[in-house]
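S.K.: Counting along the sequence shown from 1, when you hit position 208 you're at 208 in our numbering, and nothing is skipped either side.
Where is the CB? At the ideal position from N, CA and C, for every residue including glycine.
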Amino acid sequence: MNRGRGRGGGRGREGGMKGGNRVVVEPHRHEGVFIARGKEDALVTKNMVPGETVYNEKRINVQNEDGTKVEYRVWNPFRSKLAAAILGGIDNTWIKPGARVLYLGAASGTSVSHVSDIVGPDVIVYAVEFSHRSGRDLVNMAKKRTNVIPIIEDARHPAKYRMLVGMVDVIFSDVAQPDQARIMGLNASYFLKTGGHFMISIKANCIDSTAPAEAVFAEEVAKLKAEKFKSREQVTLEPFERDHACVVGAYRLKDQ
1 MNRGRGRGGG RGREGGMKGG NRVVVEPHRH EGVFIARGKE DALVTKNMVP GETVYNEKRI
61 NVQNEDGTKV EYRVWNPFRS KLAAAILGGI DNTWIKPGAR VLYLGAASGT SVSHVSDIVG
121 PDVIVYAVEF SHRSGRDLVN MAKKRTNVIP IIEDARHPAK YRMLVGMVDV IFSDVAQPDQ
181 ARIMGLNASY FLKTGGHFMI SIKANCIDST APAEAVFAEE VAKLKAEKFK SREQVTLEPF
241 ERDHACVVGA YRLKDQ
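(1) In three-state DSSP terms, what is TYR72?
(2) Spatial neighbours of ALA142 within its chain, please: CB distance less than 6 Å, with the 5 preceding and 5 following residues excluded, ordered by chain position.
(3) Can you tell me which of the three DSSP states ARG182 falls into?
(4) Can you grab the Cα-Cα spacing for the pair VAL248 / VAL168, in whole Å?
(5) When the Cβ atoms of the region 218-234 are set against those of the region 94-110, are three or more pairs found closer than 8 Å?
(6) If distances are taken between C-alpha atoms only, which option among LEU82, LYS230, PRO121 comes closest to LYS144?
(7) Provide the residue(s) that pair with LEU102 in DSSP beta bridges, ordered along the chain.
(8) With respect to the alpha helix (DSSP H) encompassing ALA142, which residues constitute its N-terminal and C-terminal limits?
(9) Taking the beta carbon of ARG232 as the centre, do at least 16 other beta carbons fall within 10 Å, making it buried, or is it exposed?
(10) SER113 to ASP208, Cα distance in whole Å?
(11) When the Cα atoms are used, what is the spatial distance from ALA125 to ALA84?
(12) Can you list, in chain order, the residues of its chain whose CB lies under 6 Å from that of GLY196, leaving out five sequence neighbours each side?
(13) What's the C-alpha gap between HIS28 and SER116?
(14) Identify whether PRO158 lies in helix, strand or coil by the three-state DSSP scheme.
(15) Run through DSSP, which three-state label would HIS114 get?
What follows is the structure, given as structure tokens:
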């Protein structure tokens, strides 16, 4: 942990900002996530590849009292459902240092890169993306992040990549499909350990554009239950995403 000014934090300068604005970096209550306190507070993760950005995000360099330096990357909640859920007050993402993660719907790897920072270099993040255009960016990001394995496949057919993916502790799903609960259930049956956890981002109008968002979310939670997922909490992703919710819970619990 960084020991410097603040609660386990350090003082630093924001890279690329005129005058080098002073910031203080403190641990967030979610392990592996931090808050940079300055003129405006920002969610950040410790950069696993110092000096490199993934999506032109700002970087913050912190010098600790012992002279060591740490670089953090600002995490944009308008470009990451996971960051939006954290700022929305989710109690537990289960994505933490040492957790093995399967990320469905990885897109260009914006969120995956921050998950890579959080879990650390000694465990794997499996990132599945169907689009070859987004997949190119994902593959390029993974070249510099040795803990990310990019998989350019359709998440609806996990049998196609079953030889590439080991058992995981957490599945994060951002697959905007009407049958997304079933897709996550299929992947969980292959890869998610019993008692493991899930996070799913639900886009209401992708499932039913005529029903109220809350009704769609409730219906999806019922579908998740049928797939052996027990939902524990739900947060809206407003103001970062409209009519989105993130649901978190556990898989194949003994009391189900």
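M.R.: In short, the structure shows the following:
(1) Here the question's residue 72 lines up with position 72 in the sequence shown. Reduced to three states, the DSSP call for TYR72 is strand.
(2) Against the sequence shown, residue 142 aligns to sequence position 142. Cβ neighbours of ALA142 beyond the five flanking positions: VAL148, PRO150.
(3) One-based indexing of the sequence shown puts residue 182 at position 182. Correct three-state label for ARG182: helix.
(4) If you number the sequence shown from 1, residue 248 lands on position 248. If you number the sequence shown from 1, residue 168 lands on position 168. Rounded to whole angstroms, VAL248 to VAL168 spans 16 Å at the Cα level.
(5) The answer is no - the region 94-110 does not touch the region 218-234, with fewer than three Cβ pairs under 8 Å.
(6) The residue labelled residue 144 in the question sits at position 144 within the sequence shown. For the residues LEU82, LYS230, PRO121, the minimum Cα distance to LYS144 belongs to PRO121.
(7) Locating residue 102 in the sequence shown gives position 102, where the first residue counts as 1. DSSP, once it has assigned bridges, lists TYR126, ILE171 as partnering LEU102.
(8) If you number the sequence shown from 1, residue 142 lands on position 142. That run of the alpha helix (DSSP H) goes 132-144.
(9) As a working mapping, residue 232 is identified with position 232 in the sequence shown. Answer is exposed; the Cβ neighbour count stays below 16.
(10) Within the sequence shown, the letter at position 113 stands for residue 113. Within the sequence shown, the letter at position 208 stands for residue 208. Each residue's Cα considered, the two are about 31 Å apart.
(11) To locate residue 125, count along the sequence shown from 1; it is residue 125. To locate residue 84, count along the sequence shown from 1; it is residue 84. Per the sequence presented here, residue 125 reads as Val, with Ala not at that position. Taking the straight line from one Cα to the other gives about 20 Å.
(12) Taking the first residue of the sequence shown as 1, we reach residue 196 at position 196. Taken in chain order, the residues that qualify are ASP169, TYR251.
(13) As a first step, residue 28 must be located in the sequence shown, where it is residue number 28. As a first step, residue 116 must be located in the sequence shown, where it is residue number 116. Between HIS28 and SER116, the C-alpha separation is close to 17 Å.
(14) Translated into the one-based positions of the sequence shown, residue 158 becomes position 158. Three-state DSSP puts PRO158 in a helix.
(15) Translated into positions along the sequence shown, residue 114 becomes position 114. DSSP places HIS114 in helix when its eight states are reduced to three.
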